[in-house]
Structure formats: C-alpha cells, structure tokens
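Peer 1: This is the structure I want to talk about, given as structure tokens.
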Amino acid sequence: MRYTDPVKEKERGFRGYLGLTMLIGFGFLTMGLMDPLYDTYVPMFLRRYINSNAAVGGIMTLDNILQLFLIPLVSVWSDRTRTRIGRRMPFIAVMLPIAGILFALIPLSAASSLWALIVLLFVFNIFKTSVRGPVVALMPDTIPGVFRSEANGVINMMGGFGLIIGTLILAPMMNRDTELPFLISAFCIFAAVAVLLLFVREKLPEGEAEENVPMLASIRQAFSGNNASVPRILMALFFWFMAYEGLKPFLGLYMVESLKVSEGNAALAQGVAGIAGAAMAIPTGYMAHKIGRRNYIRHSLFILTFVLCLIPLCSPAAALLGLTGSSGALVFFLSLMFIYGAVWIGVVVNSFPMLWQMASFGTMGIYTGLYYTFSQSAAILAPPITGLVIDIAGYEGIFIFAAVCMLIAFFVMGGVSAGEAGSPAEAESKGN
C-alpha cells in the first residue's frame, strides 16, 4: 500500500507538484476544448431538423445517459488495471484519439442527415465518456490529498484554456467554415495525448499487499450511516449540476435568438465564463485551503444564486439606462457570465477533492464514478426540463430554475462535515 507522509508533503509544498499537475491538465484541456463546441453547435445542428427545444434538450442528454453508466464502470475497470504504462494511460491512449477523430466528423454528419448525426453522436459519446473517468482520476492518483484543491485548480485552469481556445478562437471560424473548428480540435486532442504519454508517469501503490475493495462494498461503505458527508455532498452536487447542465445547452440559442448575435459568436458567453474560470481556478484552490472547502463552496453557491436571479433583468436594466437594441442587454449578460464563471469554478475545483479525500487508492475510481453518477443524473434530467421551461416561459425562466437549484445545493451542503484537507477522513489516513 502506498503511504504519503503528510508532514513531509507539507514541507515540500504544492510547488513540487505544479509541473506534473500542469502536464496532467492536458487531459482536461481536451475536454475543455470539445465540450463548449459540442454544447453550443450540436443543438444548432439539431435545430436544422427539429423545431422543439424540449426535443433538442432530450437528444442533448445522450452523452449524459452514457456518462451515467460508462464513467463509473470504466473508472472501476481502470482501478483494477495494471500495465507497464499504468492503469489510466491505456484508456487515454486508445479512447481519446478515437474520440478526437469522431469529433472532427460531427459537422459532416450534420450536413448529411438527422440520423447520420445522431448515430455519430452516439458513437462519439461512447469513447469520449469512457475516457473521462481515467482522465479525471489521473490527478488524485499522483497528487497527495492535502494539495488536491490546488491541483484541481491547475487542471481546471488547463480545461479553461481549452474552453477559451474553443469558444474565442475556434468558434468564430464557424461563420466561414463549420468543419474547420472541429478538425483543429481533433489535432489538439492528438497533441495532448502525446504530451500525456511522453511526460506523465503514473504511480502505483508500493508494497506487495494492495487493497482491492469490491465495488458494491465500497459503494455501501460510502453511503453508510457513519459517512453521512458522502451522500450529502453527492446530493448537493446533483442540484448544482441541475442548474449548470440545464443552462449549458441553451446558452448559444439564447445568445442567437434573444440577444441577436451571429452563430459565430454564440459561444461568447461560455468563452467569457471560461476566461474568468481559468483566471480564478488556481486562486480558488488556495483560498479554499485557508477557509475550508465546504465554506468556500457554500459561499460560491450563494453568490451564483444571486447572479442567476439578475440575468433576467438584463434587458429591463438596459432599457432603463436608455441603451437601445440588444447590445446593452448583451453587455450586462456577458458581465454577469464573467462573474458566474469566476464563482462557479470554485465549486468545481473544491468538490471533487472533498470526495477524493474520503477515498483510498483502491477506491479512487469508484468515488470518481459516484461523482459522475450524480452529476450526470442531473445532466440527464435538466436539459429536457429547461427546454420545456423555454417553450412555456421563455429563456428567462431557465435562469430562475437554475437559481432555485443552486439555493437548494447551498442548504444541502451545510450538512457536509468531512473532506477537508488534513481532516481525519482524508485519503492519507486510508493508506493513500
């Protein structure tokens, strides 16, 4: 069993792991690159054939349905995999390049027919979903628990760079060529895989006796009465992802249909939020280390609730100030999205480390899978609901829906007591 001396690690400091963490972050960069282009333009491709927002939202849950089942299964599979290049790398080396190739083919399938697009999206999401768990679990495998908030900030910053590249550099190319942004993304994915394979070396537990906890036993332990923080944080993240995933597929359509921007600028809101998130990713890890992960998350959720309640007031505020047309409302909206991105990243950066802190080396993939089981359950339910809300009450309604979900998560998170850096429940105490 691998053991890390917390005292020695604190003396070494996070700087000793910064370079390795940034290299691991290239895996997150690929996700940050694909996700905004997928979430912004696939709904538009679908709208060529489908008029109902609720139906588009339903199809957009395809990847979330696959993630609900595949991420936990592949994460546990990788927990038990042992090869010369590690237990996560074989999945990354095979599945991520295939996902990149299929991603490049999305615009071509959209130009062909609805069924060609749906079939390709299904196959693409099988590979992209399967590799997500190993990509995510690579960091806690190699970084001590006391530094995982800081490390998660770094890798989310790398994911933010991918989002910025996708939304502010590649997305504007859609005005000229709908295929080129997806093709360039595929080349970036291949480059990121090469970096991971060449420069990241996985660590395996030292010693002959390695704990191999059965999956069902680990899940039962996580939900036992003595570990109430696990189900509470999972329920909280379910609600904050109900908010996040409910908004995500419709931000591009909101920009085009309500704020009258071009399709090339439809990803601007995600780009602005991504810049703010990338800028705040590392500071949020350090700040949470000082005031506590739970406290930081709860403060963030409260601010997000307030910001989301303000978004429907963008147009009235612009009119009140005498700003004509949609440009005034657009400025207000993008300003709020910048704040949203800066605050939201604090929730993402610190929630995963709280779960990892409660896991052992042998159950790291299982806890990663639990995270995605609850987050993707929310992602499955939210888009059809928010699509229906749009059909009934307009786009402003989805921001109120998201605010309510964030507020519920704020209250549920109040019951979480474990998962802090250096807490008795941390992974090191379990032999990590």
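The opening residue of the sequence shown carries number 56 in this note's numbering; numbering runs sequentially from there. Even glycine gets a Cβ: it sits at the ideal position worked out from N, Cα and C. Because the structure is a prediction, the values reported are computed rather than measured.
Is DSSP giving S167 helix, strand or coil here?
Peer 2: Along the sequence shown, read from residue 1 onward, the residue named residue 167 stands at position 112. Correct three-state label for S167: helix.
Peer 1: Helix, strand or coil for P286? Go by DSSP, reduced to three states.
Peer 2: Walking along the sequence shown from the start, residue 286 turns up at place 231. Of the three classes helix, strand and coil, the one that applies to P286 here is helix, per DSSP.
Peer 1: What residue does the alpha helix (DSSP H) around G326 start on, and which one ends it?
Peer 2: Here the question's residue 326 lines up with position 271 in the sequence shown. Its alpha helix (DSSP H) spans residues L323 to I346.
Peer 1: Assuming the contact rule is C-beta atoms closer than 8 Å, F305 and I453 should be a hit. Round their C-beta distance to whole Å, please.
Peer 2: Stepping through the sequence shown from its first residue, residue 305 is reached at position 250. Stepping through the sequence shown from its first residue, residue 453 is reached at position 398. Going by Cβ atoms, the distance from F305 to I453 rounds to 6 Å, so yes, they are a contact pair.
Peer 1: Comparing C-alpha positions only, which one of N405, V362, L84 and P371 sits nearest to S390?
Peer 2: Residue numbering aside, residue 390 sits at position 335 when the sequence shown is read from its first letter. For S390, the nearest C-alpha among the options comes from V362.
Peer 1: Would G80 and I210 qualify as a contact pair, given that the criterion is a beta-carbon distance under 8 Å?
Peer 2: Counted from its first residue, the sequence shown places residue 80 at position 25. Counted from its first residue, the sequence shown places residue 210 at position 155. Contact flag set, yes.
Peer 1: Taking only the alpha-carbon atoms, compute the straight-line gap between A384 and F179 and give it to the nearest angstrom.
Peer 2: Numbered from 1 along the sequence shown, position 329 holds the residue referred to as residue 384. Numbered from 1 along the sequence shown, position 124 holds the residue referred to as residue 179. About 36 Å.
Peer 1: Spatial neighbours of Y427 within its chain, please: CB distance less than 6 Å, with the 5 preceding and 5 following residues excluded, ordered by chain position.
Peer 2: Against the sequence shown, residue 427 aligns to sequence position 372. If we look at Y427 and ignore the five residues flanking it on each side, its Cβ neighbours are Q122 and I126.
Peer 1: How long is the line joining the alpha carbons of P236 and L225, rounded to whole angstroms?
Peer 2: Counting from 1 along the sequence shown, the entry for residue 236 is found at position 181. Counting from 1 along the sequence shown, the entry for residue 225 is found at position 170. Roughly 5 Å between the two C-alpha positions.
Peer 1: Between G319 and I219, what straight-line distance do the alpha-carbon atoms span, to the nearest angstrom?
Peer 2: Translated into the one-based positions of the sequence shown, residue 319 becomes position 264. Translated into the one-based positions of the sequence shown, residue 219 becomes position 164. In a straight line, the C-alpha of G319 is about 14 Å away from that of I219.
Peer 1: Do you know whose CA, among F357, I394, S370 and L193, lies nearest V459's CA?
Peer 2: Numbered from 1 along the sequence shown, position 404 holds the residue referred to as residue 459. When only C-alpha atoms are compared, the closest one is F357.
Peer 1: In angstroms, rounded to a whole number, what distance separates the CA positions of L88 and V191?
Peer 2: In the sequence shown, counting from the first residue as 1, residue 88 sits at position 33. In the sequence shown, counting from the first residue as 1, residue 191 sits at position 136. Cα to Cα, the separation comes out at about 15 Å.
Peer 1: When the Cα atoms are used, what is the spatial distance from P91 to G326?
Peer 2: Stepping through the sequence shown from its first residue, residue 91 is reached at position 36. Stepping through the sequence shown from its first residue, residue 326 is reached at position 271. So the two alpha carbons sit approximately 8 Å from each other.
Peer 1: With respect to the alpha helix (DSSP H) encompassing N207, which residues constitute its N-terminal and C-terminal limits?
Peer 2: Sequence index remark: in the sequence shown, residue 207 carries index 152 (1-based). First-last of the alpha helix (DSSP H) with N207: R203 to I219.
Peer 1: Provide the residue span of the alpha helix (DSSP H) that contains T85, from first to last.
Peer 2: Locating residue 85 in the sequence shown gives position 30, where the first residue counts as 1. Where T85 is concerned, the enclosing alpha helix (DSSP H) stretches over R70 to R102.
Peer 1: Do M213 and M77 count as a contact pair if the criterion is CB distance below 8 Å?
Peer 2: Within the sequence shown, numbered from 1, the residue matching residue 77 stands at position 22. Within the sequence shown, numbered from 1, the residue matching residue 213 stands at position 158. Yes, these two residues count as a Cβ contact at 8 Å.
Peer 1: Under 8 Å by Cβ, that's how I've got S164 and A171 pegged, so tell me the actual separation to the nearest angstrom.
Peer 2: The residue labelled residue 164 in the question sits at position 109 within the sequence shown. The residue labelled residue 171 in the question sits at position 116 within the sequence shown. At roughly 4 Å, the Cβ-Cβ gap stays under 8 Å, so S164 and A171 are in contact.
Peer 1: For the alpha helix (DSSP H) containing A241, list its first residue and its last residue.
Peer 2: As a working mapping, residue 241 is identified with position 186 in the sequence shown. L235 to F254 is the extent of the alpha helix (DSSP H) around A241.
Peer 1: Please state the DSSP three-state secondary structure of E257.
Peer 2: On the sequence shown, residue 257 is found 202 positions in, with the first residue counted as 1. E257: coil per DSSP, three-state reduction.
Peer 1: Excluding five sequence neighbours on each side, which residues of the same chain lie with their C-beta closer than 6 Å to the C-beta of N405?
Peer 2: What you label residue 405 is simply residue 350 of the sequence shown in a count that begins at 1. Excluding sequence neighbours, N405 sits near S204, A343, R348, Y351 and I352.
Peer 1: For A333, which residues of its own chain have a beta-carbon under 7 Å away from its beta-carbon, when the five flanking residues on both sides are left out?
Peer 2: In the sequence shown, counting from the first residue as 1, residue 333 sits at position 278. Within the same chain, A333 has close Cβ partners M212, G215, F216 and I219.
Peer 1: Please confirm whether A457 and L308 have their CB atoms less than 8 Å apart.
Peer 2: By 1-based counting over the sequence shown, the position of residue 457 is 402. By 1-based counting over the sequence shown, the position of residue 308 is 253. It is not a contact, given that the beta carbons lie outside the stated cut-off.
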